[in-house]
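Note that the UniProt record's numbering gives residue 134 to position 134 of the sequence shown, counting from 1, and the numbers run on in steps of one.
Here a beta-carbon is modelled for each residue, glycine too, at the ideal position from N, C-alpha and C.
The model shown is predicted, which means the values in this text are computed figures rather than measured ones.
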Amino acid sequence: MNNFAVIGLGQYGGAIARTLANRGAQVLAIDSLYEKVEAIKEDVAHAVQLDATDPRGLEAQNITEMDAVVVAIGENFECQLLTIVVLQEMGVKRIMGRAASTQQKIILQKMGITEIISPEVTIGQSVAEQLLQPNIHSFLPLPDDYEIVELKTPTKVCNMLLKDVSLRDKYDLNLITIKRSYQKVKSGHTVMEEHIIGVPKANTVLYATDILIMLGKKQDVDKFLTVNS
Numbered sequence: 001m002n003n004f005a006v007i008g009l010g011q012y013g014g015a016i017a018r019t020l021a022n023r024g025a026q027v028l029a030i031d032s033l034y035e036k037v038e039a040i041k042e043d044v045a046h047a048v049q050l051d052a053t054d055p056r057g058l059e060a061q062n063i064t065e066m067d068a069v070v071v072a073i074g075e076n077f078e079c080q081l082l083t084i085v086v087l088q089e090m091g092v093k094r095i096m097g098r099a100a101s102t103q104q105k106i107i108l109q110k111m112g113i114t115e116i117i118s119p120e121v122t123i124g125q126s127v128a129e130q131l132l133q134p135n136i137h138s139f140l141p142l143p144d145d146y147e148i149v150e151l152k153t154p155t156k157v158c159n160m161l162l163k164d165v166s167l168r169d170k171y172d173l174n175l176i177t178i179k180r181s182y183q184k185v186k187s188g189h190t191v192m193e194e195h196i197i198g199v200p201k202a203n204t205v206l207y208a209t210d211i212l213i214m215l216g217k218k219q220d221v222d223k224f225l226t227v228n229s
């Protein structure tokens with residue numbers, strides 16, 4: 001079974017801890033504030049209030065036995081650095097850090113942290129993309145100018161078969177899957193529910209209400225939207 005520790009239970013750290021727990025992982029959630037520990041204790045295997053810069057408290061929680069430790073402290077970067085140093089000295093095998101800026105990312109890299117989450121940067125980029133391209137619903141930047149985007153089906157390809165759109169040949173894009181809305185009747189009321197259709201086939205029809213989840217380079221996504229909107 002996967003065992004993870006999340007240190008720092010703000011909005012981002014709390015979301016990581018809850019998501020891991022929902023996926024079946026054993027999660028140790030740690031924060032120095034009592035109210036944050038109380039808020040999450042019913043959602044994870046263990047929730048503990050302690051000072052993560054104190055190795056004695058971490059040792060008592062068997063922190064070195066974790067498959068990975070996520071240090072999601074966002075408000076106090078110095079505290080995050082001290083926590084990481086303690087974890088490294090204890091021999092924790094996999095540590096993920098959090099950077100709110102390029103400077104913080106460089107500092108973490110200098111400390112030997114290779115897995116770095118940057119929620120503020122990612123959210124900022126996503127909002128900018130949505131402003132520039134209203135069809136884009138969400139955006140995840142990847143290395144080498146690649147990105148995964150969720151976008152509304154452009155007007156000119158609505159009701160077309162996937163094979164006729166020629167995503168790979170014309171735009172060098174891959175369609176990962178499609179998020180599709182369905183009408184359901186619940187308690188006498190009609191509601192809309194979103195479902196993933198799985199791996200799209202060549203004869204899959206692209207509907208106007210579909211959300212396409214695609215992988216490709218930014219310039220190719222922009223080209224696809226510009227040509228077909």
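Straight-line Cα distance separating residue j from residue i
{"i": "Asn174", "j": "Glu193", "result": "25 Å"}
{"i": "Leu162", "j": "Ile148", "result": "18 Å"}
{"i": "Ile178", "j": "Leu58", "result": "43 Å"}
{"i": "Leu151", "j": "Ile176", "result": "12 Å"}
{"i": "Met214", "j": "Arg56", "result": "46 Å"}
{"i": "residue 231", "j": "Val227", "result": "The displayed coordinates of the chain run from 1 to 229. Any statement about residue 231 would go beyond what the structure contains."}
{"i": "Lys41", "j": "Thr122", "result": "28 Å"}
{"i": "Thr209", "j": "Gly124", "result": "26 Å"}
{"i": "Ala68", "j": "Lys93", "result": "7 Å"}
{"i": "Gly198", "j": "Asn159", "result": "18 Å"}
{"i": "Gln49", "j": "Arg168", "result": "51 Å"}
{"i": "residue 238", "j": "Ser138", "result": "The displayed coordinates of the chain run from 1 to 229. Any statement about residue 238 would go beyond what the structure contains."}
{"i": "Asn2", "j": "Leu28", "result": "11 Å"}
Cross-strand partners of residue i (DSSP beta bridge)
{"i": "Gln26", "result": "Asn3"}
{"i": "Met111", "result": "Met111 is not bridged to any residue."}
{"i": "Glu150", "result": "Ser138 and Ile213"}
Residue i versus the options, residue with shortest Cα-Cα distance
{"i": "Ser166", "options": "Leu206, Gly124, Asp51 and Ile136", "result": "Leu206"}
{"i": "Lys170", "options": "Ile196, Gly198 and Gln219", "result": "Gln219"}
{"i": "Gln104", "options": "Ser118, Pro55 and Ala47", "result": "Ser118"}
{"i": "Lys36", "options": "Gln26, Gly8, Asp54 and Ala60", "result": "Gly8"}
CB contact flag (residue i, residue j, <7 Å)
{"i": "Val70", "j": "Val6", "result": "yes"}
{"i": "residue 263", "j": "Gly97", "result": "No answer is possible for residue 263: it lies beyond the span of the chain, which begins at 1 and ends at 229."}
{"i": "Leu116", "j": "Ala100", "result": "Here residue 116 is Ile; the residue named in the question, Leu, does not match the sequence. Going by C-beta atoms, Ile116 is not nearer than 7 Å to Ala100."}
{"i": "Pro143", "j": "Ser229", "result": "no"}
{"i": "Asp54", "j": "Ser32", "result": "no"}
Would you call the segment 14-21 and the segment 79-93 in contact, with 3 or more CB pairs under 8 Å? Cβ pair count under 8 Å is below three, so no.
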